[in-house]
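Note that the UniProt record's numbering gives residue 151 to position 151 of the sequence shown, counting from 1, and the numbers run on in steps of one. The beta-carbon is built from N, C-alpha and C at its ideal position, and this holds for glycine as well. Below is one structure; the comments refer to it alone.
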Amino acid sequence: MGQPRWDDPENSAGGMIRAALWLVQEVGEGNTFTKNQLREAFPGVSQIDRRVRDLRSYGWVLYSSVEDASLLAEDQRLAKIGVHVWDAKARRAAAPQSTITAKERQAVLARDGYMCTLCGIAGGEPYPDDAALTAVLSISRRSATRTTGKLKDAFVTECKRCRSGRPDTPLSAEAAVAAAEGLDPSDLRRLVRWMERGRRGTTELDRAWAAFMRVPADMRAAVAASLRTHQVS
Ligand SMILES: [Zn+2]
């Protein structure tokens, strides 16, 4: 199916669709744009930045300076182009993704310990390999293979970076085996379980850390001080 031009005067599509086309045709994946550029492109459309935010429900990943400190306050980065919303069929097929209720969302986050099920980062935590980037968690719908071999849709907590599929340097199978060889038997059992499930589980230590990350920043020193007195010396 052909992709309409974002500025085609014949195009009667809504703001979200035209904004998606503008992002694809004028910005491009991986590049940044400013709110002013967006508003200048759509002078008559009210709340065009909200229409851009709506794209997140369709798998589009956009970073602001809040999450990526390398961006200026006015900048946003189009990290990943999601569902081709200008294609009505694709848009309709993807629409159920946005039907998770706030209550369900909270339940999924709590079940996953407020951590990304792919890389294990807690919400609000800076990435160990990229301190400029702070983790933002969201809920994705994923097809998971059950032990019965049946494919089932499930909601899982994932961080934006994992969702955007930022490619890391690929590792060899040997390197992955070598990395696990030094684990003690209980960690190794846990790792194998995670591999079977296709997603990371959480440990008590992870849950304790994620709980700490949810404490307001100005109260964290008190938590640390209290736990220091619990430490066995
Ligand atoms: Zn992640």
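query	result
Three-state class that DSSP yields for R190 in the structure shown	helix
Cβ separation of W6 and E29, assumed to be a contact under 8 Å, to the nearest whole Å	15 Å between Cβ atoms; not a contact.
Host beta strand (DSSP E) of D75 (start-end)	D75 to K80
heavy atom of ligand 1 below 7 Å from I139 C-beta	no
Any non-hydrogen atom of ligand 2 closer than 7 Å to I121 Cβ	This structure does not include ligand 2; its bound ligands are ligand 1.
Proximity test, E196 beta-carbon vs ligand 1 heavy atom, cut-off 7 Å	no
Cβ neighbours of C119 in the same chain (closer than 8 Å, five flanking residues each side left out)	C159, R161, C162 and R200
Cβ shell of D75 (< 8 Å), same chain only, five flanking positions each side left out	T32, F33, T34, S64 and S65
Assigned secondary structure, R207 (DSSP; H/G/I helix, E/B strand, else coil)	helix
Reduced DSSP category for A222 - H, G, I as helix; E, B as strand; rest coil	helix
Beta-ladder partner(s) of A122, from DSSP	M115
Distance cut-off 7 Å: R142 Cβ against heavy atoms of ligand 1	no
Cα-Cα separation between L38 and W22, rounded to whole angstroms	9 Å
Assigned exposure category for G165 - 16 Cβ within 10 Å defines buried	exposed
C-alpha distance - R111 paired with R91, whole-angstrom precision	29 Å
Unbroken stretches of the alpha helix (DSSP H), 4 residues or longer, contained in the region 9-84	15-22, 35-41 and 48-54
Buried versus exposed call for S98 [16 or more other C-beta atoms within 10 Å across all chains shown]	Reliability fails at S98, whose pLDDT of 49 lies under 50, so the model's placement of it is uncertain and the value that follows must be treated cautiously. So S98 counts as exposed.
6 Å CB neighbourhood of L109 in its chain, flanking five on each side removed	T157
Beta-carbon proximity check, L55 vs A79, cutoff 8 Å	no
Beta-carbon separation (whole angstroms), E125 vs M213, contact threshold 8 Å	6 Å
Where the alpha helix (DSSP H) through A131 begins and ends	Per DSSP, A131 belongs to no alpha helix (DSSP H); it is in the beta strand (DSSP E), D130 to T134.
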